[in-house]
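Visitor:
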Amino acid sequence: MRTSIVAFALGVAALQCLAVLPALAWLRGGALLLAGAFLVVALAWRRVRPKPRRVATILLACVAGFMWAAWRAEWRLAEALPQAWEARDVEVTGVVTGLVQPLADGARFGFAVESSGAPVPALIQLAWYAGRRGDAAVPDLKPGQRWRLHVRLKRPHGLVNPNGFDYEAWLLERGIRATGYVRGSPRCDDGVPCDATNVLLAASVPGFMNTVHRWRDAVRTRFVETLASAPYAGVLVALAVGDQRAISQEQWSVFRRTGVAHLVSISGLHVALVALVLGWSAGWGWRRVPRLALYVPARHVAACVGLLGAAGYALLAGLGLPAQRALIMLAVAALALMARHEMAPSRSLALALLMVLVVDPWAVLAAGFWLSFGAVGVILLVVGGRLVPEAGWRAGARIQIAISFALIPLLVMLFNGFPVLSPLANALAIPLVSVAIAPLSLLAVLLPVAPLLQLAHGLTVPMMSMLEWLAGLPMAMWVRPSVPPALIALAGLGVLWLLLPRGTPGRFAALLACVPMLVWTPQRPPHGALRVTILDVGQGTAVHVQTAAHDLLYDAGPRYGLDADAGERVVLPYLAASGVARLDQLVLTHGDSDHTGGASSVLAGLPVGAILHGLPQDHAVLKASALPARPCVAGTAWAWDGVRFEMLHPASTEGTVKDNDRSCVLRIAGDGGSVLLAGDIEAAGERELLAREGAGVASDVVLVPHHGSRTSSSPAFVRAVGAAHAVYTVGYLNPFHHPHPQVWARWAEAGVRQWRTDARGAVLIEVGADGVRMEAQRARVARYWHGR
């Protein structure tokens, strides 16, 4: 059975790797063939030898997993917002679902659509911004409210970069099939404001989950108000109701660097803890009444009460996907116990795996899926007789060390690194959270007594101080670049071999299998070659240029609202995964926020040698930095590793009227080709550049000026550059309508192949002795849900 379930899981995982789903006709035919194959195997079961029978069962299970995941994907993708209704005003009526996420300038919330003026999916995600379209403030949104809203929607779309977060997969797993924002004053087709407004229709809509979410919201509000000035209130909210959004980025960094992030995520540890405490208490009380124990065994009562308590806790956490997985795993074990069926722990784990994937075939895309099942599997190896655990605290220490070590390959695969001090941090934090902080937080949910919360926070303070000290140590986190899957698989096999029972030959020699993963470094361009990655940061620009031994960042992308930016969300994770530990040069072309919005995060997160810029001298980035900084001036040139860098514009730092025309224009030439990064210069800047440089602007690849605005890319500039490829850095459905159709047509008439980051993701350019090679990240990592 276990092997067949693993085969089913492999079939599910294989489907999630496809760029295109099988056609419906193939799925229907495949389902009929699969049913027939199962029938044949069942009828011939006794007449077939065990080995062929086993092989047939495994193959059928794998195909069944593939088919099940394919059908689920078709059903979910069938509910989509038509492209014709993107970026159009739509009236929708529905209910606020889940907890509302406060933003610095508004709120974000789920919305279950009941009726609409267009074919809108049943579940959408909306943002409501303060001050937009005349709204002075966002109303007090609560779960279960029914609203009539005027919204503007788009299909699921995310940024696609090397080793980046797949936002579209995240939305798909949660069933969110459109995103958008609320418009405060919608306009009719003639441009006149309509009379209709956003209206609250009902303050509270009946429904079980609506009631649960209102309770969660009330608990969160009480926690926040009681601990208004407490620095770690967000940690207690996360432990109580599963809402992690009040935890600051600095605190998340501490949790990641010490390997204790699982302690503030309601998952297996917390659900199992609640089940254990309630189950043990119920069993203890049941045994005190002998007559009751004669009719129903105490262990069955304990399992039932523990499971019900765990289900209640999962509901309190919003029944999120990690809590669902933990609850399913616990339910399998509890039901096996109540059925008086002695089931091997590994079989219970396999059944839990099957149930999770039947309920949620996209679980294999989540890091928590791999870490939770991986951790439980390691525990079974350690305590299941393969390794003989010692008694007391030694057993706990052995398990924690085994988990920390065994999960290293997974952590490198998922997060490009692992916390070196995780065993120590967990040994100190797990007992405190499990025995004191989490129970007090849950008790405060039931008993609205302020001292309980204050005591829980008081215990959290020394724990966080200890974790912050550990996180600040130089070797707290060993960051690795993105490692090839083959080396991670080799390391995983080595770890599994090490966990085999004592006496297994070559156990410690298996550690050598981890060495390639730990020492691997990405290949850099050879001498005279360069690699240029134009990142997908939305409506903005960020370009990484790499030579044999140097790295340059050209702009740092935009801000995303008041509390996030491209430097933190895109640039730094990409550089870390690429093995870049230091930038030799940061070029900030001009002062617009779509080019400098992420600069502060980059400067704070990575050592930088120097800054070249087209910024005003009083710009906030320059005032906050102590690095050597000098203005971009035409004629500035240098060579790195056989690659020539030349600043072509501006001629001086004075006299330029427009900020865009002050942009730093950089030409980079290697042995096999050249790239022109043109910033945001407009027609006047282009004329000045051509008058000074003439044919010197000719390049094989050009970053189109000003994102393809019609104020740039004049005919003379297009002819002078003579590029074979043109790249636009634009946001999906951006309000400026970049690139302008006239500009697109102008480059097309010149025979230029055009690339846009909103449609193709990051654009990767290799310039070497063989010439120029271009590749789009969306094509490299294409999945069936992208763009749907």
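In our numbering, each residue carries its 1-based index in the sequence shown increased by 451.
The C-beta atom is built at its ideal place from N, Cα and C for all residues, glycine as well.
#1: Exposed or buried, D640, counting other C-beta atoms within 10 Å across all chains shown (16 or more means buried)?
#2: Is there at least one non-hydrogen atom of the ligand NAD closer than 6 Å to the beta-carbon of W477?
#3: Within 7 Å (strictly less), CB to CB, does A964 reach chain C?
#4: Using beta-carbon positions only, say whether W1206 and V1178 come within less than 7 Å of one another.
#5: Are L1034 and I1062 touching if we call contact CB-CB under 7 Å?
#6: Going by Cα to Cα distance, which pick from P613, A486, R527 is closest to Y1261?
#7: What does the Cβ neighbour count give for E619, buried or exposed, with the cut at 16 atoms within 10 Å?
#8: Under three-state DSSP, which class holds L484?
#9: Mind checking M926: buried by the 16 CB within 10 Å criterion, or exposed?
#10: Thinking just about the alpha-carbon of each residue, which of L743, R603, L758 is nearest to the one in V725?
#11: Could you have a look at T454 and say whether DSSP puts it in helix, strand or coil?
#12: Once you ignore the five residues that flank L466 on each side, which residues in its own chain have a CB closer than 6 Å to its CB?
#13: DSSP three-state label for W1089, please.
#14: Sorted by chain position, which residues of the same chain lie with C-beta nearer than 6 Å to C468's C-beta, five sequence neighbours on each side aside?
#15: Assign A1134 to one of three DSSP states: helix, strand, or coil.
#16: State the start and end residues of the unbroken alpha helix (DSSP H) segment that holds I985.
#17: Given H664, which residues of its chain have a CB within under 8 Å of its CB, disregarding the five upstream and five downstream residues?
#18: Drop a sphere of 10 angstroms on the beta-carbon of S1150, count the other beta-carbons inside from all chains shown, and report buried for 16 or more, exposed for fewer.
#19: Which residue from A1167, L883, V756 puts its Cα closest to that of V715?
#20: Comparing alpha-carbon positions, which option in G923, M1098, G1048, W1236 lies nearest A1013?
#21: Which residues does DSSP list as the beta-bridge partners of S421?
#22: What residue from M968, A784, L808, A1233 has the CA that sits closest to S797's CA?
#23: Counting beta carbon pairs with one atom in the region 1225-1239 and one in the region 599-614, are three or more of them shorter than 8 Å?
#24: Decide if E1133 is buried, meaning its Cβ has at least 16 other Cβ atoms within 10 Å, or exposed.
#25: Can you tell me which of the three DSSP states D1221 falls into?
#26: Do H1176 and V1152 count as a contact pair if the criterion is CB distance below 7 Å?
#27: How is D1016 classed by DSSP in three states: helix, strand or coil?
#28: Using only alpha-carbon positions, find the residue among Y1235, I939, S566, M452 that is nearest to V546.
#29: Under the three-state reduction of DSSP, which class applies to G557: helix, strand or coil?
#30: Out of curiosity, what's the CA-to-CA distance linking M1098 and C1115?
#31: Should the region 457-464 be regarded as contacting the region 506-516, the criterion being three or more beta carbon pairs within less than 8 Å?
#32: Of all the options R982, G1145, M914, which has the alpha carbon lying nearest to the alpha carbon of P682?
#33: Among the residues of its own chain, which have a CB less than 6 Å from the CB of D1110, if the five just before and after it don't count?
#34: So, with DSSP's three-state summary, where would you put P840?
#35: To which residues does DSSP link Y1299 through a beta bridge?
#36: CB-CB under 8 Å to T570, same chain, minus the five flanking residues each way: which ones, in chain order?
Guide: In short:
#1: With a pLDDT of only 47 at D640, under 50, the local geometry of the prediction cannot be trusted, and the value read off the model is given with reservation. Burial check for D640: the Cβ neighbour count within 10 Å stays below 16, so the residue is exposed.
#2: Of the ligands one can find in the structure shown there are none, so the ligand NAD has no counterpart to examine.
#3: The displayed structure is made up of one protein chain only, and chain C is not part of it.
#4: Cβ atoms of W1206 and V1178: closer than 7 Å.
#5: Cβ atoms of L1034 and I1062: not closer than 7 Å.
#6: Given a span of 452 to 1239 for the chain in the structure shown, any question on residue 1261 remains unanswerable.
#7: Buried, since its Cβ has 16 or more Cβ neighbours within 10 Å.
#8: It is helical.
#9: So M926 ends up on the exposed side.
#10: The residue with the shortest Cα to Cα distance from V725 is L758.
#11: Reduced to three states, the DSSP call for T454 is helix.
#12: Annotation for L466: F517, A520, A521 place their beta carbon closer than 6 Å to its own, counting only its chain and skipping 5 residues before and after.
#13: Reduced to three states, the DSSP call for W1089 is strand.
#14: Taken in chain order, the list of residues that qualify is empty.
#15: Looking at A1134 - three-state DSSP - the assignment turns out to be helix.
#16: For I985, no alpha helix (DSSP H) segment is defined; the enclosing uninterrupted segment is the beta strand (DSSP E) at 981-985.
#17: So the qualifying residues of the chain are T548, G549, L550, P594, G595, G769.
#18: S1150 counts as buried, since no fewer than 16 other beta carbons sit within 10 angstroms of its beta carbon.
#19: Residue L883 is the option with its Cα nearest to V715.
#20: It should be pointed out that residue 1013 corresponds to Leu in this sequence rather than to Ala. For L1013, the nearest C-alpha among the options comes from G1048.
#21: As shown, the chain starts at 452 and ends at 1239. That puts residue 421 outside it, with no answer to give.
#22: Of M968, A784, L808, A1233, the residue nearest in Cα terms is A784.
#23: A contact exists between the region 599-614 and the region 1225-1239.
#24: Counting other Cβ atoms within 10 Å of its Cβ, E1133 reaches 16 or more and is therefore classed as buried.
#25: Note: D1221 maps to coil in three-state DSSP.
#26: At the C-beta level, V1152 and H1176 come within 7 Å of one another.
#27: Strand, per DSSP.
#28: Relative to V546, the option among Y1235, I939, S566, M452 whose CA is nearest is S566.
#29: G557 falls in the strand class under three-state DSSP.
#30: The alpha-carbon of M1098 is positioned some 7 Å away from that of C1115.
#31: Cβ pair count under 8 Å is three or more, so yes.
#32: Comparing Cα positions, the closest option is M914.
#33: Once the five neighbours on either side are set aside, the close Cβ partners of D1110 are H1041, G1042.
#34: For P840, the pLDDT reaches just 47, beneath the cut-off of 50, and the residue's location in the model is therefore unreliable, although a value from the coordinates is still provided. Note: P840 maps to coil in three-state DSSP.
#35: Residue 1299 cannot be examined here, being either before or after the span of the chain that is shown, 452 to 1239.
#36: In the sequence on display, residue 570 carries Pro and not Thr. Cβ neighbours of P570 within its own chain (closer than 8 Å, five residues either side excluded): L532, P533, W536.
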